[in-house]
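Heads up: the structure comes next, in C-alpha cells.
Dropping the structure here:
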C-alpha cells in the first residue's frame, strides 16, 4: 500500500486501515458474549496503533454488551482526529437479528440514539443501510436518504454514506446530497469501485475477511501460497490485497482480541508485489 490515508468527504484525513466494531460483543453470531473490559482494551489498543476510523452501529451487540457503549467508555474524551462511522436502517427482529428496515419517519430517532450512545453532538459519517444480508439493489432509497440529508443540514451529521446499494441506488442518493462513502459487501462484484474512485468516494467493503457468512472472493489456496511466501498470515494478505484494489478503498477488519487486532493493523505495512496481486486476482 503506497498511500496510507484517505480524505473522507474531502475534510477528514483518516488511515485507510480502520477498525470494525461488530466483533467486540461476540466472535460469531452464536458464540459466547465477550467481556466488556476486553472490548474496551481492544479499542484503546487500536487507537494506540494509529487507527482513527472506527465503524460501528447501534445493533452491534449481544447479551448487554454494545459496541457504541464500549466506544464511549473506552475512548472519551475523543481524540480530534478520530472518525466514528455508524449506520442506520436495520431494525432488530424478535430474535435480536436486524432483519427489519426502518421507515423514513424512524431515521431521526435512530440517529439521535447513536448520538446519545456515543456521547457525540455530531456524527462524523452515517450510512443508510438498506436491504438484508443478501445482495444490493431493487428498492428506492430516495425518501430515506433525503431524511438523512436533512439531518446533515441541521448539523447532526457531517458526512453521508450508503450501504448495500447498487449503481442506481447510489445515483439516487448522489442526486439528493453528497455521498462520502459506499459500504458494500466484499465480493467479486466490484462494479461500483471505478465510479467511487472517479468521484473521490470511499469504498468500504464489509465482511472483508468473509464475516462468517460466506467466503472471501479471494481463493483460499492462492492466499495461503502468497502468505507463506511473505511470512504473513492469510488475513494480513487479504487485508493488504483489499487496500491494493484502489486508493479509495478502506479496510475495517473487526476483532475482539488484541493479538488479532495487532496482526490486522500490521497488514498495513505488508507490501504486495504485482506478482502477488496477479495470483490473488480471480
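Numbering (my numbering), first residue to last: 419 to 700. Every residue, glycine too, gets a C-beta built ideally from N, C-alpha and C. These numbers were taken from a predicted model, which means no experiment stands behind them.
Original post:
If you scan the stretch 571 to 652 from start to end, which runs of the beta strand (DSSP E) of 3 or more residues do you find wholly inside it?
Top reply: 575 to 581 and 599 to 601
**OP:** Would you decide whether residue 629 is buried or exposed? Buried here means 16 or more other CB atoms lie within 10 Å of its CB.
**Re:** Only weak support exists for where residue 629 lies, its pLDDT of 47 falling under 50; the value from the coordinates is given anyway. With 16 or more other Cβ atoms within 10 Å, it is buried.
**OP:** Have a look at residue 433 and residue 568 and give me their C-alpha separation to the nearest angstrom.
**Re:** 28 Å
Subject >> Assumed close pair residue 498, residue 670 - CB separation to whole angstroms, cut-off 8 Å >> reply: With 8 Å as the limit, residue 498 and residue 670 do not qualify as a contact, their Cβ atoms being about 21 Å apart.
**OP:** Would you decide whether residue 632 is buried or exposed? Buried here means 16 or more other CB atoms lie within 10 Å of its CB.
**Re:** Caution is warranted here: a pLDDT of 40 is assigned to residue 632, below 50, making its placement in the model unreliable, and the coordinate value is therefore given only provisionally. With fewer than 16 Cβ atoms within 10 Å of its Cβ, residue 632 is classed as exposed.
Subject >> Buried versus exposed, by CB contacts within 10 Å (16 or more), residue 653 >> reply: buried
**OP:** Look at the Cβ atom of residue 577, then the Cβ atom of residue 427, and state whether they are nearer than 8 Å.
**Re:** yes
Original post:
Given residue 463, which residues of its chain have a CB within under 7 Å of its CB, disregarding the five upstream and five downstream residues?
Top reply: 676 and 679
Subject >> Own chain partners of residue 483 with C-beta closer than 6 Å, once the 5 adjacent residues on each side are dropped >> reply: 443, 451 and 454
Subject >> Distance, residue 459 Cα to residue 449 Cα >> reply: 20 Å
Original post:
When the distance is taken between beta carbons, is residue 554 closer than 8 Å to residue 515?
Top reply: no
**OP:** For residue 645, collect the residues of the same chain with a Cβ closer than 8 Å to its Cβ; drop the 5 residues on either side in sequence, then sort them by chain order.
**Re:** 651, 652, 654 and 655
Original post:
Which residue comes first and which comes last in the alpha helix (DSSP H) that contains residue 665?
Top reply: Looking at the DSSP string, residue 665 is not in any alpha helix (DSSP H), and its letter there is neither H nor E.
**OP:** Going by CA-CA distance only, name the one from 469, 564, 662 and 648 that's closest to residue 588.
**Re:** 564
Original post:
Who are the Cβ neighbours of residue 575 in its own chain at under 6 Å, not counting the five residues just before and after it?
Top reply: 541, 544 and 569
Original post:
Looking only at DSSP bridge pairs, what is residue 424 linked to?
Top reply: 432
**OP:** Following the continuous alpha helix (DSSP H) through residue 559, name the residue where it begins and the one where it ends.
**Re:** First-last for residue 559: undefined, no H or E at that position.
Subject >> residue 421, buried or exposed, once every other Cβ within 10 Å from all chains shown has been counted against 16 >> reply: exposed
Original post:
Roughly how many angstroms separate the alpha carbons of residue 419 and residue 523, rounded to a whole number?
Top reply: The predicted position of residue 419 is uncertain, since its pLDDT is 48 and thus under 50; a value taken from the coordinates is nonetheless stated next. Spanning the two alpha carbons is a distance of roughly 42 Å.
Subject >> Secondary structure of residue 506, DSSP reduced to three states >> reply: strand
Original post:
What span of residues does the beta strand (DSSP E) with residue 519 cover, start to end?
Top reply: 516 to 519
Original post:
The alpha helix (DSSP H) spanning residue 462 covers which residue range?
Top reply: 454 to 466
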